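Residue numbers (full-length UniProt numbering): 1 to 723.
All residues carry an ideal CB built from backbone N, CA and C; glycine is no exception.
Source: prediction; values computed, not measured.
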Amino acid sequence: MDSSRDFVKSVNRIVVKVGTAVVTRSDGRLALGRLGALCEQLKELNLQGYEVILVTSGAVGLGRQRLRYRRLANSSFSDLQKPQGDLDGKACAAVGQSSLMALYDTMFSQLDVTSSQLLVNDGFFRDAGFRKQLSETVTSLLECRVIPIFNENDAVSTRKAPYEDSTGIFWDNDSLAGLLALELKADLLVLLSDVEGLYSGPPSDPNSKLIHTYINEKHQKEVTFGDKSRLGRGGMTAKVAAAVGAANAGIPVIIISGYATDNIIRVLQGEKIGTVFHKDAHLWKSLKEETAHEMAVAARNSSRRLQALKSEERREILLAVADALEKNQKLIRLENDADIADALEAGYDKSLISRLTLKPEKISSLAKSVRVLADMEEPVGQILKRTELADDLVLEKISCPLGVLLIIFESRPDALVQIAALAIRSGNGLLLKGGKEARRSNAILHKIIASVMPDTVSGKLIGLVTSRDEIPDLLKLDDVIDLVVPRGSNKLVSQIKESTKIPVLGHADGICHIYVDKSANIDMAKHIVRDAKIDYPAACNALETLLVHKDLSSNGGLNELILELQREGVKLYGGPKASAVLNISEAGSLHHEYSSLACTIEIVDDVFAAISHINKHGSAHTECVVAEDSEVAETFLSQVDSAAVFHNASTRFCDGARFGLGAEVGISTSRIHARGPVGVEGLLTTKWILRGSGQVVDGDRGVNYTFKDQPLNTISMQKTSSS
């Protein structure tokens with residue numbers, strides 16, 4: 001538990017406020033998934049003995065949605081031609097309040113929890129008798145384990161402009177929540193927002209930083225607020241005003257995201273999330289957020305301790321990682337589902353959501369790949385070459401870790417597991433910067449892996465950069481980071497290669513080709529082409545361009561290939577020749593990665609034309625020739641200049657796990673260091689060990705150089721030094 005969150009240990013009564021931006025989607029409809037997750041959290045707190053009070057918004061928005069439908073249903077065609085005036089806000093509130101409470105009642109009833117509705121106006125709180133009765137009623141409800149649900153009764157509010165008028169005792173549900181926390185003597189007020197907490201500026205501004213602890217004297221002049229809430233009254237400005245007021249009166253307040261499925265529970269477990277407001281915050285010792293530079297230094301120190309372990313001890317760490325993944329599968333799926341729900345609501349395309357998804361079989365496959373790595377031969381400290389330079393002067397070249405790796409990846413949380421396992425096996429320190437769309441998935445996977453690290457190594461071996469450190473800032477850390485591996489869009493990889501002095505390993509495009517020769521077995525070709533395009537269209541090793549020998553356009557082979565793809569819903573675009581012959585749309589570019597059910601097709605004269613096309617328009621990733629003519633096949637294999645070139649096999653085989661590497665950190669199209677799927681070997685470098693008996697150079701006088709190659713020991717230096 002973070003020391004600045006120690007106050008949660010004494011919490012018993014909690015007021016939770018959920019705003020309109022959390023309970024509704026971007027189209028104004030209710031976000032049923034988030035509401036359901038909120039109810040499940042409150043039920044869990046209820047079971048744990050906490051006294052829970054909910055303040056909810058959303059009635060006006062829900063009522064407006066229902067009244068719009070009713071007005072539409074009751075309108076004639078001529079009515080619809082007339083300008084439609086705004087709906088009365090109080091009428092919307094009246095309709096929405098009953099609908100919102102009915103929804104809460106249904107959800108809580110399914111969880112075997114009883115809820116109650118309390119509608120209040122600010123004028124009520126001027127009456128001491130009302131305030132006394134309110135406290136007694138709420139106490140009675142809480143004693144019965146009933147969850148009171150409060151909302152302002154906008155339907156009968158006497159204020160003419162309740163959305164702008166802030167002269168009353170409270171003027172929105174944030175200030176109502178703060179008032180209730182004081183009146184009902186709550187131990188904690190939780191304000192749920194549509195962002196992670198309070199930022200130093202608009203959250204959309206890359207320069208904004210999350211404020212973990214709000215200190216009024218420091219932050220009230222520094223913070224720049226963005227726009228008001230998308231649907232509600234005040235947004236973050238209202239939340240901060242309510243939080244400061246409650247905190248000054250002695251009620252701790254935390255602003256956290258209401259989009260996560262377990263944030264309230266995490267707060268009560270003492271995790272450092274969101275922004276905390278506390279009357280004594282200015283007295284707390286300043287908590288400096290660990291920078292990416294500090295994380296890299298810590299990762300390097302931890303990697304050196306990892307290298308000092310025996311090979312079997314490193315193997316045990318990997319086995320513990322695999323076991324932990326399987327043991328926590330339900331928790332991983334829960335966080336991943338939340339990421340997927342947000343991605344769907346944000347309108348991300350299907351290929352990204354496909355890469356984002358962690359199905360049970362994917363998690364099991366990850367655990368299996370980690371175990372494969374654990375059972376590999378020890379890679380660190382292997383003697384690669386031994387030479388006798390002179391009598392009793394022996395030089396050895398051995399394998400060793402690169403140092404600290406920075407992996408920048410988008411939308412693929414499974415990459416985190418693979419890369420972390422490879423780092424452990426290769427003895428490297430690791431910094432990970434994942435995409436925001438996989439934030440929750442990455443966080444839980446990192447937490448699970450870090451939890452099994454022995455104290456002798458430290459969980460800081462693998463650092464997950466979750467602060468607002470931007471990629472350009474990370475790429476400046478050439479003094480502490482030895483290699484950058486980007487995994488993501490073409491734009492991301494290209495930008496990284498252009499903006500850092502750190503060596504970059506990776507590929508910007510995955511434009512994979514299959515050439516079907518006139519000698520090909522067409523049934524085999526259909527099988528291979530179908531798999532390469534359909535098995536996982538979003539993968540970088542999926543087919544993007546199909547090249548077909550010209551003779552197949554006259555003997556029916558081309559038509560069979562086209563029908564095979566069209567049956568699977570693949571959209572075909574043609575090169576200059578194919579578009580004319582097949583009467584299909586011409587591809588905008590012959591250098592294009594679709595990452596979806598789409599493909600370019602082109603007709604070529606022979607294998608040499610296919611090779612020329614690939615070397616000109618390809619990305620040097622993975623290519624395949626389907627041919628029975630061995631001379632054609634060998635010509636293709638030897639002359640295509642790509643990282644992986646196959647004969648009669650799907651491009652989908654270009655994968656670290658399928659190559660027997662256990663996992664991969666990525667696929668490199670570089671010609672320096674590693675090329676193709678990069679496993680453990682690609683994360684190693686070498687160093688020279690010279691063993692002498694007092695020799696000196698002295699102008700090379702008295703040294704009789706022999707330069708004799710010596711046999712390598714079957715036991716690596718790592719095993720020798722550790723045994």
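V15 and A292 do not touch by the CB rule: their CB atoms are close to 36 Å apart, not below 8 Å. In this structure, A281 lies away from T237, with their beta-carbon atoms at least 8 Å apart.
For A538, the number of other beta carbons within 10 angstroms of its own is at least 16, and it is reported as buried. D551 is a Cβ neighbour of K518, given a cutoff of 8 Å.
Distance between L563 and N555, taken at the CA atoms: about 14 Å. When DSSP states are grouped into helix, strand and coil, V138 belongs to the helix group.
Secondary structure remark: continuous beta strand (DSSP E) runs of at least 3 residues inside the region 177-211, in chain order: 188-193.
Annotated three-state conformation of D323 is helix, per DSSP. Beta bridge pairing from DSSP links Q117 with I149.
Rounded to whole angstroms, the separation of the alpha carbons of H549 and A598 is 20 Å. The beta carbon of L565 sits closer than 6 Å to no other beta carbon from its chain once the five residues preceding and following it are set aside. Every beta strand (DSSP E) of 3 residues or more that sits fully in the region 430-514 is shown, in chain order, as 462-464 and 483-487. In the structure shown, the three-state DSSP call for D517 is coil.
Of all C-beta pairs linking the region 350-363 to the region 38-55, fewer than three are shorter than 8 Å, placing the two stretches out of contact. Judged by DSSP in its simplified three-state form, P677 adopts strand.
P576 and E316 have their C-alpha atoms some 56 Å from each other.
For the set Q418, S595 and L268, the Cα lying nearest the Cα of L318 is the one of Q418. Segment contact: the region 299-307 against the region 36-43, fewer than three CB-CB distances shorter than 8 Å; contact not assigned.
Here H647 is bridged, per DSSP, to V625.
When C-beta atoms of the region 407-427 are compared with those of the region 487-503, three or more pairs fall below 8 Å, so the two segments count as touching.
A598 is bridged by DSSP to K571.
In terms of Cβ geometry, V678 and I689 do not form a close pair [threshold 8 Å]. Collapsing the DSSP output to three states places H278 in coil. Contact annotation: the region 522-533 does not touch the region 699-713, with fewer than three C-beta pairs closer than 8 Å. Between the beta-carbon of S426 and that of L684 there is about 6 Å, and that keeps the pair under the 8 Å contact cut. Leaving aside the five residues that flank F277 on each side, the residues in its chain whose CB is nearer than 6 Å to its CB run, in chain order, Y214, A243, A247 and V253. The C-alpha of A423 is placed about 42 Å away from the C-alpha of L188. CA-to-CA, the gap between S208 and T275 works out to about 14 Å. Looking from the CA of L180, the closest CA among S200, L54, D154 and K279 belongs to L54. Secondary structure of D414 (DSSP, three-state): helix.
L141 sits away from G19, with the two beta carbons spaced by 8 Å or more. Take the alpha-carbon of A338 and the one of L331: they are about 11 Å apart.
Nearest to E313 by alpha-carbon distance, out of T357, K239, G270 and T456, is T456.
For E345, the uninterrupted alpha helix (DSSP H) segment begins and ends at Q329 to A346. Under DSSP, K17 takes part in a beta bridge, and its partners are V55 and L191. Minimum Cα-Cα distance from P202 among the listed residues D154, G235 and D174 corresponds to G235.
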